[in-house]
Structure formats: structure tokens, C-alpha cells
Amino acid sequence: MAFSSIVRALGYSSLLNELLAKLKQQQNIHLNGVSRLPKGLVASALANAEEKNLFVICATLEEANRWTSQLEAMGWETIHFYPIFEASPYEPLDPEIEANWGQMQVLANLVKRNKITNLAIVATHTSLQPHLPPKEIFIHFCINLKRNMDWDLAVFSQHLTRLGYERVPMVEMEGQWSCRGDIVDIFPVSSDLPVRLESFGNKIEQIREFEISTQRSTLNKIEHLILTPTSFATIIMAAMEDVSTVEQYLLAEEREIWRNKQTLEGSRRFLGLVFDKTASLIDYLPENTLVVVDELEQCYAHNERWFENAEEQWKFTDNDNDTLPKIHRILDDCLGDMDRFKTLYLSELEAENKGTNLSVRSLNVTPHGFAKIAETLRQERNRNFAIWIISAQPSRSVSLLQE
């Protein structure tokens with residue numbers, strides 16, 4: 031929360047009011063000459079001023095991680111880093127299971143029926159690719175649990191099996207569930223902790239988190255829980271049963287697996303075959319979201335290389351001049367999906383005649399050179415600039431103020 035006070039103060043500044051007016055009029059604005067920290071401050075202040083959630087698109091995973099770290103200090107109630115498999119979607123391999131679970135955690139928050147507020151999501155440009163099932167299909171495969179709701183344990187058990195959860199004597203890891211009398215333990219892949227459902231008759235009385243090491247419930251009561259599938263393969267494989275042309279794209283050993291109704295490795299390559307319209311993360315975002323594109327030129331460069339690799343892999347799916355439907359796009363097509371959102375484009379490099387130049391600059395100072403820093407601050411104060419002093423060591427701030 032170190033920067034939350036600055037974010038609030040920026041919300042009352044004339045600069046922000048000017049940017050808000052431009053954003054309302056033009057639907058998107060370009061800001062250049064902005065380094066990483068001011069990018070987060072300005073984006074957070076704009077989103078808070080309009081009471082919107084924040085979705086940040088970065089060029090690389092490294093930059094997305096840096097954005098996530100700095101947003102944690104800017105007063106956001108919930109912050110998600112959206113992990114995504116950077117390889118081609120046509121490779122006959124499943125993404126890392128942790129990446130799948132990370133995506134499920136984000137999507138579970140986005141499909142809640144109540145209004146989503148004070149949420150920030152950070153992802154790379156590949157999250158704009160059509161890598162997800164349609165939102166309504168995903169919601170259909172989720173289970174909503176609430177306190178005092180009616181339920182049938184036998185039907186619930188069948189649903190858990192359909193979602194890919196494994197029944198075990200004792201829950202120890204994600205994707206497992208167990209049942210002892212009227213108590214059901216589940217470790218949702220979209221949660222950090224397992225949950226315990228305590229029922230009486232045909233009603234759920236309590237939903238609590240519990241510790242794996244002690245198997246004891248905590249005091250944290252949960253009013254509403256969404257159980258997602260353990261992987262997207264569950265959704266895709268169910269949809270593939272209604273598609274008669276699937277077998278022509280399978281290798282001989284895959285056909286045997288398919289006929290035995292087992293899960294195919296790399297089933298996401300069939301996403302465009304089983305759904306008329308696939309979705310990207312943009313399609314799951316609530317309407318009250320401000321989209322931020324960080325370093326658009328870098329996003330273009332990385333997307334170009336990713337697209338070339340995906341295009342090459344897609345051609346390998348050729349079967350008698352019949353290829354799988356494309357689920358990869360150039361970045362311009364992806365950005366077209368953002369038209370319904372207000373968008374902020376940020377760049378560190380200054381550009382003439384393109385957007386607003388915030389002219390952010392760093393000051394060269396020597397360690398413990400408080401006199402020089404104090405002189406600079408006095409000059410800026412005399413120019414009527416508002417000044418904030420932030421330090422990891424309060425003693426340094428004291429020394430600076432004494433100067």
C-alpha cells in the first residue's frame with residue numbers, strides 16, 4: 031500500500047482531470063515519456079477515478095511480473111497475474127498444469143454474477159489470442175456453491191467427476207475431493223486453500239477453508255464458491271463428442287485414445303473445431319474495465335514472432351489439404367476486440383505528435399547526497415510542483431527533510 035496515497039492524490043490533480051476528459055472524448059489515449067513506476071500510478075489513478083477495474087497487457091512475462099509487483103503497492107483489492115502458455119496452440123502438448131490452474135483462478139473471479147470491482151489483471155499479448163472456450167460454455171461447466179443452498183450429494187459427486195476432480199481418502203493437493211458422512215472436502219484448482227462443505231440433510235450449512243497439514247477448518251467462512259474444471263481439456267473433450275470430423279485430424283495412436291473416451295494430449299488445438307467462436311481473455315472482462323497496453327511496439331514485435339511460429343505449426347495440421355480452424359491472429363485483429371473498452375497506451379520513449387508526453391525523468395544523485403537532493407526538491411517546490419518522498423528506510427527521509 032506504499033503508493034495508494036499517491037494514487038488517491040493523483041485522482042484530484044488537474045492532469046488526471048485532463049486525461050479523463052480526453053479518454054471520455056476519444057475512447058483511447060496515448061501517453062509517452064513514462065517510466066515503469068509512473069505508468070502504474072497514472073493507470074491506477076485513472077481506473078480508480080472512473081471506478082473501473084484494470085487490465086494491463088505487456089509484451090513479455092518478465093514485464094508482466096514487474097507490473098504485478100508494483101500494482102500490489104497501489105491499493106488494489108485483488109490482483110491477478112494471468113499465466114499463459116507461450117508456445118504454439120497447435121502443439122500436441124498440454125500447457126503446464128500450474129498455468130491452467132492460474133487461468134482458472136482468474137476466470138473464476140471474472141464469471142461471478144455479482145458486480146466485480148477493484149480488480150487488476152496483468153497478462154501478456156498472447157492472452158488476446160482466442161485460447162478459451164466461449165464464456166457461456168465455461169460458466170455452464172462451473173459449479174456455484176452457496177451457504178444454505180439445496181444440493182444432492184450423489185449428483186454433486188457426478189458433477190465433480192465430470193469436472194476432472196479425483197476422489198481420494200484425504201485431500202492433499204489441488205484437483206482432489208473426499209467425502210466423510212455429511213462433510214465434503216474439495217481443493218478447487220482456482221483457490222489457494224482447500225474448502226470444507228458441511229451439510230445437514232440436503233442443505234449446505236457451512237463453507238470453510240481448512241489447512242492441509244492439520245486437516246482442521248479455519249475461521250474463514252465463505253459465502254460463495256465457484257468450482258471450475260481442473261483443465262480446459264474437460265470442456266473441449268466434452269464438445270468433441272458432438273463433432274464427427276475429429277478423427278481425421280488424429281494420429282493412429284490418438285484415435286485409439288479417442289475411441290476409448292480418454293483425454294487427448296494437446297486437445298486445445300481442436301478449440302476452433304468444436305466451437306464456432308472461441309474467446310480470449312478480453313471476452314471474459316466486465317464492462318467496467320480500463321485496458322492498458324504497455325509498450326505497444328514491443329507487443330507488435332513479440333506477437334510477430336509468436337504468430338510466425340503458430341502459423342508454421344498450424345500448417346503441420348494439414349490433413350489431405352484440410353487444416354484445423356485457425357486459433358491464432360495478428361495483433362491488430364486482437365486489438366479490434368478492445369473497441370468496447372476505454373484504452374490507455376503507455377510508452378517510455380518520447381514520441382513527437384503522438385499522444386501526451388509526460389516527460390518523466392530520473393535525477394542523477396550520489397548515495398547519501400542529501401544536500402544535492404534537497405536543493406533539487408526546493409527548486410521543484412518553487413515551481414509549484416507537488417512533491418512526495420518515498421523511501422524504504424524512513425531514516426533517509428528524515429535526513430532529507432532535515433536538509
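Numbering (our numbering) for the sequence shown: 31 to 433. All residues carry an ideal CB built from backbone N, CA and C; glycine is no exception. Just so you know, these numbers come straight off a predicted model, no measurement behind them.
Taking one beta carbon from each stretch, the region 252–261 and the region 274–288 have fewer than 3 pairs nearer than 8 Å; the two do not touch. No Cβ-Cβ contact shorter than 8 Å links Asn148 with Lys233.
According to the DSSP secondary-structure assignment, His110 is paired through a beta bridge with Ile151. Counting C-beta atoms within 10 angstroms of its own C-beta, Gly211 has fewer than 16 neighbours from the protein chains shown and is therefore classed as exposed.
Under the three-state reduction of DSSP output, Gln423 falls in the coil class, being neither helix nor strand.
Residue pairing by DSSP places Ser208 opposite Asp215 in a beta bridge.
Using a Cβ distance threshold of 8 Å, Pro125 and Ile357 do not count as a contacting pair.
Between the C-alpha atoms of Asp352 and Asn78 there is a straight-line separation of about 49 Å.
In the structure shown, the three-state DSSP call for Ala89 is coil. Here the region 149–167 makes contact with the region 83–90; the two share three or more CB pairs at distances below 8 Å.
In the displayed model, Leu49 falls within a helix according to three-state DSSP. Here Ala150 is actually not in contact with Trp207; their C-beta atoms are around 31 Å apart, not less than 8 Å. For Thr319, the secondary structure class from DSSP, reduced to helix, strand or coil, is strand. Burial check for Ile59: the Cβ neighbour count within 10 Å reaches 16 or more, so the residue is buried.
A residue is called buried once 16 or more other Cβ atoms fall within 10 Å of its Cβ, and Phe346, having fewer, is exposed. Gln236 sits in a strand when the DSSP states are folded into three classes. Residue environment for His398: exposed (fewer than 16 other C-beta atoms within 10 angstroms of its C-beta).
One Cα belongs to Glu283, the other to Thr293, and the distance between them is close to 12 Å.
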